[in-house]
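First the structure, in the form of structure tokens, and then the observations on it.
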Amino acid sequence: MYKSEFKHKAWALPVGDLLYVGRSTNQKLTKFRIKTIGDLTRTDEAFLHSQLGKMGNILWSFSNGYDDSPVKKENTHAPIKSVGNSTTTPRDLENDGDVKIVLYILAESVAARLRENGFRCRVVEISVRDNELFSFTRQKKIDHATNITGEIAAYAYQIVKENYHWQKPIRSVGVRGADLVTDSIDKRRRDNEL
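The sequence shown runs 1 to 194 under the UniProt record's numbering.
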């Protein structure tokens, strides 16, 4: 498409056709009466940033045709590298049951942010710090991309079980989803496998 045709052809398209606009982001944009790529282009970039963070700036740039990155054979990677959350617990975690509950809560936060931004992760990572401040991180590549809370929590718990043997109680724990892909790329792969 020539630059002179960009406004005429692209701006009339639904905003959901724009790269990285997943279902959740599309719903948010619709709430702000942003239904087409042209609507997104005319929206103040600072407003988009305040509502969507860095993704708001990226979408604004894409809608204006400012992406000058080289074309790749297949663009599967997300513009952000990972999504994570961690917490220092009010009391030390002393057993598997304690850590399982906290991991699930953290996984819910991570999964919700992945879904909200239209991403799935192919790596689950945990970080653990004990009450003497010894810390480590471990990660696991999973066989499919996910943004499902239960799956992320289960992988995180599996990593902890394989790597932590309760010499000391846990003071802090974190969960991160990494190696992100967009929902649309992963959906196309799943559809092709059927």
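Idealized CB from N, CA, C, for every residue including glycine.
is_contact[residue i, chain B] using C-beta, thresh 7 angstroms
| i | result |
| --- | --- |
| residue 34 | The question asks about chain B, but that chain is absent: this structure has only one protein chain. |
Span of the beta strand (DSSP E) around residue i
| i | result |
| --- | --- |
| residue 85 | 82-93 |
| residue 170 | 170-182 |
Nearest neighbour of residue i, chosen from the options [CA to CA]
| i | options | result |
| --- | --- | --- |
| residue 156 | 54, 59 and 104 | 104 |
| residue 44 | 148, 27, 64 and 25 | 64 |
| residue 202 | 11, 12, 25 and 8 | No answer is possible for residue 202: the residues shown for the chain start at 1 and end at 194. |
| residue 125 | 17, 162 and 96 | 162 |
| residue 41 | 20, 15, 114 and 28 | 15 |
| residue 38 | 100, 50 and 11 | 11 |
| residue 164 | 112, 142 and 99 | 99 |
| residue 168 | 128, 144 and 55 | 128 |
| residue 174 | 166, 181, 159 and 180 | 159 |
| residue 123 | 28, 152 and 112 | 152 |
| residue 133 | 21, 81, 46 and 88 | 88 |
Where residue i falls, given that 16 or more other Cβ within 10 Å makes a residue buried
| i | result |
| --- | --- |
| residue 176 | buried |
| residue 71 | Low confidence applies here, because residue 71 scores a pLDDT of 49, under 50, leaving its location unreliable and the question unanswered by this model. |
| residue 120 | buried |
| residue 17 | exposed |
| residue 136 | exposed |
Check whether residue i and residue j have beta carbons under 7 angstroms apart
| i | j | result |
| --- | --- | --- |
| residue 147 | residue 109 | no |
| residue 48 | residue 60 | yes |
| residue 92 | residue 57 | no |
First and last residue of the uninterrupted alpha helix (DSSP H) at residue i
| i | result |
| --- | --- |
| residue 198 | Residue 198 is absent from the model: the chain starts at 1 and stops at 194. |
| residue 62 | 54-63 |
| residue 125 | No alpha helix (DSSP H) contains residue 125, which is instead part of the beta strand (DSSP E) from 119-130. |
| residue 154 | 149-163 |
| residue 101 | 96-116 |
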